[in-house]
Amino acid sequence: MTNTTTQLDLNTLVSLCKRRGFIFQSSEIYGGLASTWDYGPLGVELKRNIKDAWWRRMVWERDDMVGLDSAVLMHTDVWQASGHVENFSDPLAECTECHQRWRIDQIDERECPSCSGDLTEPRMFNLMLKTYLGPVENDASVAYLRPETAQGIFVNFENVLTSTRRKLPFGIAQSGKAFRNEITTRNFIFRTREFEIMELEFFVMPGEDEMWHQRWIEESKCWYGDLGLPENRLRLRNHETDELAHYSKATTDIEYQFPWGWGEISGIANRTDYDLQAHSEASGKQLTYFDQASNKHIMPYVVEPTFGVDRSVFAFLSDAYVEEDAPTASSRDVERRVVLKLHPTLAPIKVAVLPLSRNETLAPLAKRVFDTVRNSQVSNGMVQYDDTQSIGRRYRRQDEVGTPFCITVDFESLDDGKVTIRDRDTMAQDRISIDRLVNEVGKRLSDSPTIRPPQI
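Numbering (my numbering), first residue to last: 37 to 492.
Next comes the structure, spelled out in structure tokens:
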């Protein structure tokens, strides 16, 4: 295969996501709602696989981590104590002509990007989405949709510590929805008002925070690399002093080179003891850890790696997209094929079973092969049966959604008891006995680049 193209136009990826059932515009039949997106049948599988890979790596494969699933709605005092009501804001300017509002940090010139009109002086705009609880909308019923999942971990610190009897250092992980009232949304699913994050708070002894901060930067970057993102499209960016969040001593972003340029997909912050101190003072509960070695109660420091789920989906899709020349089914010519070279761990469909024909003689065997692979669980994911259109079109369809392996059942299978396994990336085809099929599928999936065990 030659003439490979990896330079990706954003509109091309958006079109693929809709056509193949990865991502749809939310409320599309009503004209859509800006910056909100729905994950389709394949998108939800990709998203779930990313979250599962993160949970497996960060929780199941570690001895110093536990999980949590805290509520989206929390007591308003939580956000007062954490500093979000006062500090969680961005500078905003309004166009004097068209009256659109823009975040100052996201525009290059002091003029409106839409109509080139003059902008007002910037003023601070709080990013939290406000709602009301109960039948009366007044100040007493105000609540906020969480802008991060971290505070649910901090206010449950004592509960987790008491119920698990963990020793420092240890972490609490969770993934879930968060909401921010972004004014300037852009670039598909990169910046939206409703999004999902994977986040953990790693509690350490004071004085060890800088060492653990560096370790988590390295581990977080390795996680992306182990799932296929190349080194030359990832970079680290340290926050300048004037851009640090109100709770942060130091923050480092992991950025990926998207079609439009570099963008953050993960942030690793040293939050010191800011949050536990703030909630201890506001609630009257001492959120401390008793250190038996020193016989003292101490306030742990916290290192926080945060991973954007939607941005990770975007990065993995962008990086996997390839256009290349490939031989046709007859091998007498070449044609252009689109292929998503997703890591098998992330691929929405792991294996596709493709009968050469819908012939009633062939179908029973093809169905048995499909049931055998699906019920064996060796694929650890979705197995699809596809018998519509020509075999060449079906191969291209599976390539385009990133399926690592296709199994073709043909008329010779009725006689020799063998099927053909086709590799997505190399397009190599091998004839395999049906009674060896499950073991072969398992071996090929496990021989693919795997997630290494944790290194810290």
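Cβ atoms here follow ideal geometry from the backbone N, Cα and C, with glycine treated the same way.
Take the alpha-carbon of residue 398 and the one of residue 450: they are about 7 Å apart. The segment 283 to 290 and the segment 315 to 328 do not touch, with fewer than three beta-carbon pairs separated by less than 8 Å.
Looking at 359, 274, 198, 158, the one whose alpha-carbon comes closest to that of residue 44 is 359. Distances from the CA of residue 308 to each of 334, 290, 153, 301 were compared; the closest alpha carbon is that of 334. Contact between the segment 111 to 121 and the segment 178 to 185 is established, with three or more Cβ pairs separated by less than 8 Å. Residue pairing for residue 333: DSSP places it in a beta bridge opposite 326.
For residue 61, the enclosing beta strand (DSSP E) starts and ends at 59 to 61.
Shortest Cα-Cα distance from residue 351 to any of 432, 419, 266, 466 involves 266.
Short of 8 Å from the beta carbon of residue 194, and not among the five residues preceding or following it, lie these beta carbons of its own chain, in chain order: 321, 323.
For residue 134, the secondary structure class from DSSP, reduced to helix, strand or coil, is coil.
Residue range 310 to 319 is occupied by the alpha helix (DSSP H) that includes residue 312, with no beta strand (DSSP E) assigned at that position. Residue 172 counts as exposed, since fewer than 16 other C-beta atoms from the protein chains shown sit within 10 angstroms of its C-beta. Contact annotation, residue 301 with residue 347: C-beta distance approximately 5 Å; criterion of less than 8 Å satisfied. Given a length threshold of 4 residues, each whole run of the alpha helix (DSSP H) inside the segment 188 to 223 is given here in chain order: 193 to 200.
Cβ-Cβ separation between residue 437 and residue 384: approximately 6 Å, consistent with a contact (criterion under 8 Å).
Residue state for residue 53 is assigned as helix, using DSSP reduced to three classes. For residue 271, same chain residues with a beta-carbon under 6 Å away, outside a window of 5 residues either side, are 291 in chain order. A contact is defined here as three or more CB-CB pairs under 8 Å, and the segment 46 to 64 meets this definition with respect to the segment 219 to 235. Of the residues 214, 268, 288, the one whose Cα lies closest to the Cα of residue 275 is 288. In this structure, 200 is the residue among 59, 419, 407, 200 with its C-alpha nearest to the C-alpha of residue 325.
The C-alpha of residue 64 is placed about 42 Å away from the C-alpha of residue 98.
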